[in-house]
Structure formats: structure tokens, C-alpha cells
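Numbering follows the UniProt record's numbering, with no gaps: position 39 of the sequence shown is 39. See structure below.
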Amino acid sequence: MKINLALGRSTAPIRVGCFVLCLLLLWLPLAVPIYWLVADTNLESILTLVILYVEFIFLLNLWGKWVYQQSKIFSHYGLEFTGLNGVNVLQGLAIGLTTVLVLFGLEGLLGWLVWQQPQVFLGRIILEGLLVGFGVGFAEELLFRGWLLDELQRDYKLNIALWIDAILFAIAHFIKPLEAIIHTLPQFPALVLLGLTQVWGKRWQRGRLGLPIGLHGGLVWGYYIINVGQLTQYSGQVPDWVTGVNNNPLQGVMGVLFMGGLAWWIGNQQKPG
């Protein structure tokens with residue numbers, strides 16, 4: 001108990017480091033055999049990620065009880081299964097999906113891309129995208145705007161915690177081989193803007209995670225529908241750094257402008273005090 005209380009009084013970097021170390025100690029004994037035994041790389045990735053996140057949720061529950069003596073740590077993080085939080089999720093999904101559709105719609109009107117007939121059943125893609133988007137939104141928002149933001153806000157002023165959280169969120173998307181990092185580096189500014197947007201969204205909704213989960217999910221959902229459904233073809237009228245390097249809107253000027261506009265709008269919804 002003394003060790004737990006001492007950990008709760010330690011600095012944020014130490015607490016975060018201890019949590020990550022504990023998570024790795026739980027995860028590696030299961031992940032390593034999967035890497036060795038499973039030949040299908042897609043199945044391997046799915047299994048290891050699912051195990052990692054299940055253990056993350058399990059560890060969060062223990063972390064709240066042992067380190068902070070909080071039996072309802074998920075509610076503290078803003079993950080409440082209430083009607084209001086559910087409405088926030090739906091609002092976020094609508095905002096995120098609309099943002100993506102408006103971005104691609106504008107580029108279509110400008111002649112920068114051409115809309116195409118889907119080559120697969122669009123209903124299946126829409127449903128798949130919704131499930132993938134919600135899963136990604138739930139996982140990343142509980143991690144970054146739930147646990148990590150809470151750890152930072154325990155030690156730092158709100159604005160400092162905001163920027164650290166957003167930058168770490170962006171950096172986490174580059175835990176990959178060097179070649180892949182260089183390939184996707186242009187999306188860093190847009191990811192920082194998304195991180196800022198999500199923190200402001202949580203604060204706008206008085207600490208509830210529903211809006212950030214929905215917004216994140218809606219952005220992923222919209223892009224999944226267009227990308228996997230192969231609904232667009234860039235015309236080449238403007239350089240790809242305008243529309244998005246590697247056909248990724250987050251790696252283009254338009255994507256950054258839209259994320260900046262979304263961040264500005266969400267940030268201005270917060271009521272003083």
C-alpha cells in the first residue's frame with residue numbers, strides 16, 4: 001500500500017513510465033508467442049492489439065484502485081454509459097463524418113478529384129467503417145484523453161497538459177520503422193491539431209469522453225468509406241501536397257486547414273469557467 005501511495009504522489013513521467021512498463025510486462029508473454037506461431041501478419045496484428053487493449057483496460061481498473069483509491073476510475077476519465085454521453089457520441093460521429101465528406105466534396109467541386117462508382121457493396125463498407133471508426137475512437141480516446149490526459153492534468157496546468165497530450169498523441173502514430181515514419185511524416189501537424197481538438201471537445205462536454213470518441217470515430221469512418229470503397233480518383237490538377245501526399249488527406253494542406261478549422265470551432269465552444 002505504501003508503494004502504491006508513493007507512486008500516486010510521484011511525478012507524471014514516473015507514473016506514466018510505470019504504467020507502460022506494467023502493461024508491457026503483461027502483454028509481452030502473450031504477444032511474443034503469437035509473433036512466433038501465427039504466420040498471417042494481419043491475424044497476428046489483430047490478436048496482439050486486442051490482447052494489448054484488453055490488458056490495458058484491466059490494468060486501468062487496478063491502477064485506479066491501487067494508485068488513486070478510486071473504484072470508478074472509468075467514470076473519472078469521462079467514460080460513463082449514460083444517455084447524455086451516448087448523444088455526445090452520435091454528435092461526434094456526425095461532426096467527424098460531415099467534416100470528411102465536406103472536404104472531399106469541396107475538392108470534387110474544385111475539380112481536384114473525380115467521384116467514382118463503388119466497385120463493392122457500399123452498405124457493407126459503411127457498416128465496416130462505422131465499426132472500425134468506433135473501435136479506433138474508443139481505444140485511442142480512452143488512452144489519450146482518458147488515462148494520459150488525467151495523469152498530465154494531475155501535475156501540470158491545463159494548457160501545458162493540453163499540448164503535451166496532443167504532441168504525444170501525434171508522436172504515438174510514428175512508432176513504426178524509419179522508412180514508414182519518413183513516408184507519413186507530413187501528417188504530424190494534422191495529428192497535433194486533432195489531439196488539441198479532442199481535448200477541447202472533452203472539456204466542452206464537462207469531461208465526458210463521448211464527443212471525442214464519436215468525433216474521432218466519425219473521421220475514421222468517413223475516410224474508411226471513401227478510401228476502402230475507392231470512391232474518388234485524384235485528377236492531378238494540383239500537387240499532392242495540396243490534397244494529401246500518398247492520397248492521405250492528413251498529409252495535405254487541405255487536410256491541415258480543415259483540421260485547423262475544426263480545432264478552432266471546437267475550441268471556441270468551451271464556456272469560460
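From the three backbone atoms N, C-alpha and C, an ideal C-beta is built for every residue, glycine too. Remember, predicted model here, so these are calculated numbers, not experimental data.
For Trp27, the CB contacts under 6 Å within the same chain, skipping 5 residues up- and downstream, are Leu52 and Glu55 in chain order. For Tyr234, the uninterrupted beta strand (DSSP E) run begins and ends at Thr232 to Tyr234, by DSSP. Remark: C-beta atoms of Gly214 and Gln91 approach each other more closely than 8 Å.
Membership of Trp115 in the beta strand (DSSP E) is indicated by the continuous run Leu113 to Trp115. In the three-state DSSP reduction, Ala12 falls in the helix class (H, G or I). For the 8 Å CB-CB criterion, Leu113 and Val67 do not form a contact.
Distance from the CA of Tyr234 to the CA of Met254, rounded to the nearest whole angstrom, comes to 14 Å. The residues Glu151, Leu152 and Asp155, in chain order, have a CB closer than 6 Å to that of Ala12 in the same chain once the five nearest residues on each side in sequence are set aside. Annotation: the stretch 133 to 193 contains the following complete segments of the alpha helix (DSSP H) (minimum length 4 residues), in chain order: 149 to 155, 158 to 172 and 178 to 184. Counting C-beta atoms within 10 angstroms of its own C-beta, Asn159 has fewer than 16 neighbours from the protein chains shown and is therefore classed as exposed. Close CB contacts of Gly218 within its chain, under the 7 Å cut and outside five residues either way in sequence, are with Gly92, Leu93, Ala94, Ile95, Gly96, Leu97 and Gly133 (chain order).
Apart from the 5 residues on each side of it in sequence, Leu162 sits with its Cβ closer than 7 Å to the Cβ of Leu196 and Val199 in its chain, given in chain order. According to the DSSP assignment, Val50 belongs to the alpha helix (DSSP H) that extends over Thr41 to Val67. With a beta-carbon spacing of about 33 Å, Thr48 and Phe258 fall beyond the 8 Å limit used to define contacts. In the same chain as Gln270, and ignoring 5 residues on each side of it, the C-beta atoms closer than 8 Å to its own belong to Trp200, Arg203 and Trp204, in chain order. Contact between the stretch 224 to 232 and the stretch 126 to 141 is present: 3 or more CB-CB pairs across the two stretches fall below 8 Å. For the options Leu142, Gln187 and Leu211, the alpha carbon positioned closest to that of Asn248 is the one of Gln187.
With contacts defined as CB atoms closer than 8 Å, Asn85 and Gly210 qualify as a contacting pair.
Close CB contacts of Ile181 within its chain, under the 6 Å cut and outside five residues either way in sequence, are with Phe174 (chain order).
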